[in-house]
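Below is one structure; the comments refer to it alone.
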Amino acid sequence: SHPIIEELVGACFAAGCKASASSRGEASASDSASASADHDSGQAEPSPGSPLPGKGISRCPKHWGGAGMLAHLGVLGARLFEATLLQQNGFLPRDLQSTIEASIDPQPEPIVKKVESSCLWDEGLLPVELLQRSLGEAAKKSRSSAAGAAATAAAVLSLGQKVILRHLWHRFSGRYIEIPELRKLWELAYWPLCEQRQLIHEAFEYLKGTYRQLQGPGGRWCPEHEEAMFEMFAALDLARLPSVAFSTPWMPPQVGAVRLWVQLAPVKDWQHDVKEEIASENVAVQAIKLECTKLENKLNIVEQRSIVNKSQINDAVASINEFQRKKRESRTT
């Protein structure tokens, strides 16, 4: 990542925020109040471009298009953000600890990640919603048959998921965010497309803490929130986590059942394939049996013919022997 690009993107979004504030009438309200005070004091209205009394600044001409320029900078910042998201490593800190340490095995109680370094996401200049377009396009490209496009899309999705997780941990101050907001961020992250075990582990730990908070004292439990938690757990590829990760009370009971069903799905498919193969082999065996029956019938016919031929040969030999005997007797007489 390049610090100049980060500074430029930050400046663009800062300008865009100022333009939004100006469009809401904050600047005009301030000017009206100042003009009213000047009028009450008997001072003349300063001309455009002249210094304001006692402030040392100049009033911009009424025709100045600065607000439009600031708004354009905001749009330019959004385009620059999308174009450099991958090259700038998601505008995350350079010393970012990407995930919860891989050496830490899953525990029954939720693991909390501490966020120490700062970046543009923490300053409020880059809202998480900026990722919607980039991650949406990456999700579409991830299904592409082109290896290069799929790899790039996977990298963008991974960065977006890291940003969202870091955003969640940065806002953590002893309490997790509310379920409706968390659900929107979870959908934005496209977790079903994540294949990185460490990211899944980190997301799983955050959900465990959220579920504990939901079930604990003061938790806003309701059937809708319970269903939302189950859907967020189910969006993760939990088959990539070790079995010990599920020895925790802080997840909906249905999650373990779904994981077991997912693990048994390949076995079920294998049994279906074996059944089809056995049925196919049975058809082949029946065909072989039919051929064997035909061959057996042919062998029986040949054997019968052999018996007939042997009988005829014996009759012929007996006739020849009788003829030779008679011939010898006629010579002796």
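In the working numbering, the protein residues as written are 712 to 1044.
C-beta: ideal position from N, C-alpha, C; glycine also.
Bear in mind that the values here come from a model prediction, so they are computed numbers and not experimental data.
- Straight-line measurement puts the Cα of L831 at about 33 Å from the Cα of W961.
- By the 16-neighbour rule on beta-carbons within 10 angstroms, S991 is exposed.
- One thing to note: L899 has its Cβ no nearer than 9 Å to the Cβ of L879.
- C905 is positioned such that its CB atom lies no closer than 9 Å to that of L949.
- The beta carbon of L841 lies closer than 7 Å to those of A789 and F792 in the same chain, with the five residues before and after it left out.
- Rounded to whole angstroms, the gap between the alpha carbons of E1033 and K1009 is 36 Å.
- For Q818, there is no enclosing alpha helix (DSSP H), as DSSP gives it neither H nor E.
- In the structure shown, the three-state DSSP call for G885 is coil.
- By the beta-carbon neighbour count (other beta carbons within 10 angstroms, threshold 16), K919 is buried.
- According to the DSSP assignment, W897 belongs to the alpha helix (DSSP H) that extends over I890 to L899.
- Taking 9 Å as the cut-off, the beta carbon of V823 is found closer than this to the beta carbon of F883.
- Taking C-beta atoms as the reference points, A939 and R894 count as a pair closer than 9 Å.
- Close CB contacts of G967 within its chain, under the 6 Å cut and outside five residues either way in sequence, are with F957 (chain order).
- Q798 carries a coil assignment under DSSP once its states are collapsed to helix, strand and coil.
- The C-alpha of L870 is placed about 7 Å away from the C-alpha of N800.
- Burial state of I890 is buried, judged by a 10 Å Cβ sphere holding 16 or more other Cβ atoms.
- In this structure L846 is not in contact with K873, their Cβ atoms being roughly 12 Å apart against a cut-off of 8 Å.
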